[in-house]
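Worksheet: one structure, shown below.
There are 2 protein chains.
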Amino acid sequence: MSKGTETRARILAAAVETACLTGFNGLNLQPLAVRARLTKSGLYAHFGSKEALQVAALERAAALFQQTIVAPAKAEGAGLPRLRGVFHRWLEWPGRAGLPGHCPFFAAVVEFDHDEGLVRARLTRLFRDFQQVIEQLVASAVRHGHLPEGTSPTQFAHELLALRYAHHWAQDFMRDPQAMMRTREAFAALVGRGRNVI
Amino acid sequence: MSKGTETRARILAAAVETACLTGFNGLNLQPLAVRARLTKSGLYAHFGSKEALQVAALERAAALFQQTIVAPAKAEGAGLPRLRGVFHRWLEWPGRAGLPGHCPFFAAVVEFDHDEGLVRARLTRLFRDFQQVIEQLVASAVRHGHLPEGTSPTQFAHELLALRYAHHWAQDFMRDPQAMMRTREAFAALVGRGRNVI
DNA sequence: ACGGAATCCGACCGGTCGTGCTAATCTGCG
DNA sequence: CGCAGATTAGCACGACCGGTCGGATTCCGT
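Chains as they are written, first to last, in the working numbering: chain A, -16 to 181; chain B, -16 to 181.
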């Protein structure tokens, strides 16, 4: 790894950490440069614009999410075990990836809600891709008989994201000590729903 | 209404609108002053600090929410109809209150996630109060036999917020045209859950 | 109508932001 | 070693930020 790409990696590591703490709009050049042991202009030369830096940090965070939360599913039993594994690891993101703070993607949803641009476009794609991953896991669980026939993967994925979102609210913002328990119970209810009507 | 309080009301009206579009950190003094037909220092004299302005705007938004979304429940049938009414009006907030943009409270969750302060403290209280309102509606629905005996109001309120959060994500950020349909279906499933095991 | 208080303005402060530009330094190859 | 190109530092810019202050203006009770 050449010097340049190593520095770039150091910058992005600091950027992802910062994004977890203060969002992607909080990626201010001066403090970030200090964290990455550079000057502001030295850092800037690697990206050329703040938006490019934000996109790169988003990409890096997504890669971390993929390898920390999604990828381990390959080692789990197909169907419901795999779905349950991804969801429960998802609940521990971003801590499980060694990152501080809270989920940067949820922060980005608010930050780039109104203003268009590259970051928003990339973010919606990332969400859609992950949504499809969930849907495939659900469909697989249905095929394995772990979920009732007729379960809509899209609807299920939507409600799963709802649970993760509410968990973020209860755990990270409200600091409710019972947040995890409630989320697990809600997941169990979602999975168990309809079982008795088979 | 004296001149001062009238101006203050004009400022807060502009502030709530702005908060719906750019969040409470987006309440920058200069642009807000222009919207309220004042100079920056003239506006500032009414609050004394940006934090006080944010708190006042939060208070105003909460009052609007109360009278637009919650209060109409008094005219609805006790129990499930009342709960359903509040939830469906909630889905149309803040548009139903004549406000542009999206829910300012969800934006505030991200903005004040990490930094402590008056705004965060006030916001958690507002959330807790509304959560209690929901829990009482749920408890009433249980008493009327509209929801299964043994339904936990706290758990139900948690999952209801989850649905509203996911709706915000799907509708406002992802701009999914089927968001409303999916949210209504999820609500129906949440209400109907367990019915068949009574 | 008058005087004191409430209200508002305009100019200004120190600081931070993203963004360019040039010059110095460093790295890796021949 | 020496040179070319990649890499970083240094510096300055215009814009915007929240906040301050003195004075002008307007309001309102008497």
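By construction, the Cβ of each residue, glycine as well, lies at the ideal position given by its N, Cα and C atoms. Computed from a prediction, not measured in an experiment: that's the story for all the values here.
- Query: Where does B/Phe170 sit, in a helix, a strand or coil, going by DSSP?
  - Reply: helix
Supposed close pair A/Arg65, A/Ala54 - CB separation, criterion 8 Å: Not quite, the Cβ-Cβ distance comes to about 11 Å (not below 8 Å), so this is no contact.
* Rounded to whole angstroms, how far is the Cβ of B/Arg(-7) from the Cβ of B/Ala19, which I believe are closer than 8 Å? -> 5 Å
A/Ala61 versus A/Cys86, A/His127 and A/Glu94, residue with shortest Cα-Cα distance: A/His127
Item to check | Beta-carbon gap between B/Ala145 and A/Tyr148 smaller than 8 Å | outcome: yes
(message) Taking the alpha carbon of B/Glu75 as the reference point, which residue from B/Gly6, B/Ala(-2) and B/Ala162 has its own alpha carbon closest?
(response) B/Ala162
Next item on the list: Would you please verify whether the beta carbon of A/Gly194 is less than 8 Å from any beta carbon of chain B?
Entry: Since the first residue shown for chain A is -16 and the last is 181, residue 194 of chain A is missing from the structure and cannot be characterised.
*With C-beta atoms as the reference, is B/Asp155 less than 8 Å away from B/His85?*
yes
Legend entry - For A/Thr22 and B/Gly68, the rounded distance between their alpha carbons: 56 Å
> When DSSP labels each residue in this structure, what does B/Pro160 get in the three-state scheme?
Replying inline: coil
Whose C-alpha, out of A/Glu142, A/Trp152 and A/Val121, is nearest the C-alpha of A/Gly133? A/Val121
- For A/Glu0 and A/Val17, the rounded distance between their alpha carbons: 13 Å
Figure out for me which residue from A/Pro131, A/Phe48, A/Ala(-3) and A/Gln50 has the closest Cα to the Cα of A/Gln37.
A/Ala(-3)
In whole angstroms, what separates the C-alpha of B/Val174 from that of A/Ala169?
13 Å
Give me, in chain order, the residues of the same chain whose beta-carbon lies closer than 8 Å to that of B/Glu118; leave out the 5 immediate sequence neighbours on both sides. Pro136, Thr137, Phe139 and Ala140
Check: In whole angstroms, what separates the C-alpha of B/Arg176 from that of B/Pro131?
Finding: 8 Å
*Please report the residue range of the alpha helix (DSSP H) in which B/Ala91 lies.*
Pro87 to Glu94
What are the start and end residues of each continuous alpha helix (DSSP H) run of 4 or more residues lying completely inside the region -12 to 55 of chain A, in chain order?
-> 12 to 18, 23 to 27 and 33 to 48
(Q) I'd like to know whether the C-beta of B/Phe110 is nearer than 8 Å to at least one C-beta of chain A. (A) yes
**Q.** DSSP state of A/Leu130 mapped onto helix, strand, coil
**A.** coil
| task | Return yes when the Cβ of A/Leu15 is within less than 8 Å of the Cβ of A/Leu26, no when it is not. | result | yes
Answer yes or no: do A/Leu109 and B/His97 have a C-beta to C-beta separation smaller than 8 Å? no
State yes or no: is the beta carbon of A/Arg186 nearer than 8 Å to at least one beta carbon in chain B? Outside the shown range of chain A (-16 to 181) lies residue 186 of chain A, about which nothing can therefore be said.
*Using three-state DSSP, classify B/Gly84 as helix, strand or coil.*
coil
Shortest alpha-carbon distance to B/Trp73 belongs to which of B/Pro83, B/Ala91, B/Arg105 and B/Gln49? B/Gln49
Inset, instruction - Taking B/Gln115 as the query, report the chain A residues whose CB atoms sit under 9 Å from its CB, ordered along the chain. - result: Neighbours of B/Gln115 on chain A: none; closest Cβ ~13 Å, over 9 Å.
ask   = Looking only at C-alpha atoms, which of A/Asp159, A/Phe113 and A/Leu(-5) sits nearest to B/Gln114?
value = A/Asp159
(Q) Which of the three DSSP states is assigned to B/Arg65 in this structure? (A) helix
| Quick one, are the C-beta atoms of B/Leu106 and B/Glu34 less than 8 Å apart? | no
Please decide whether B/Glu142 counts as near chain A, where near means a Cβ-Cβ distance under 8 Å. yes
inquiry  = Output needed for A/Ala39: all residues of its chain with C-beta closer than 7 Å, excluding positions within five of it in sequence on either side, in chain order.
reply    = Leu(-5) and Phe30
Q) Using CA coordinates, which residue listed in A/Ala124, A/Leu47 and A/Trp152 is at the minimum distance from A/Ala90? A) A/Trp152
Taking the alpha carbon of B/Ala2 as the point to measure from, which residue in B/Phe88, B/Arg111 and B/Thr51 has its own alpha carbon closest?
-> B/Phe88
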